[in-house]
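Residue numbers (the numbering used here): 1 to 108. Written out below as structure tokens is the structure these notes cover.
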């Protein structure tokens with residue numbers, strides 16, 4: 001189960017549907033390792049999108065240190081960019097706490 005705590009400044013509205021799916025995809029992707037399918041074009045596109053050297057992109061995508069969810073075709077070329085495809089079917093529950101706070105404090 002994944003537990004998320006989302007804090008928003010008091011008086012701010014937030015559509016959780018717009019935030020939760022990409023947030024969960026990112027969290028789940030962090031626990032997978034890319035199998036290297038389409039690596040030549042994927043590393044170029046991702047490098048261009050985030051402004052990081054291609055070798056660093058390859059090292060991050062293929063680092064198995066935190067890959068508790070295994071190796072998968074985590075992303076692939078799509079249009080002029082990439083599309084992420086985390087294997088999220090193993091996540092069966094998500095607990096979300098969304099609260100308004102007077103002030104956002106980093107590291108809290």
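Beta carbons: idealized from backbone N, C-alpha and C, even for Gly.
Cβ-based burial, residue i [other Cβ within 10 Å; buried from 16]
i	result
residue 49	exposed
residue 94	exposed
residue 28	buried
Start and end residues, beta strand (DSSP E) containing residue i
i	result
residue 8	2–9
residue 83	81–84
residue 14	Residue 14 -> no beta strand (DSSP E), and no H or E assigned at all.
Alpha-carbon spacing of residue i relative to residue j, whole angstroms
i	j	result
residue 25	residue 65	19 Å
residue 86	residue 51	22 Å
residue 101	residue 6	10 Å
residue 79	residue 53	21 Å
residue 31	residue 84	13 Å
residue 56	residue 10	38 Å
residue 110	residue 63	With the chain represented from 1 up to 108, any question about residue 110 goes unanswered, as that position is not in the structure.
Residues near residue i in its chain [Cβ-Cβ closer than 8 Å; skip 5 each side]
i	result
residue 58	39 and 43
Residues near residue i in its chain [Cβ-Cβ closer than 7 Å; skip 5 each side]
i	result
residue 77	38, 41, 42 and 45
residue 20	96
Simplified DSSP state of residue i, which is helix, strand or coil
i	result
residue 54	helix
residue 66	coil
residue 72	strand
residue 92	coil
residue 102	coil
residue 33	strand
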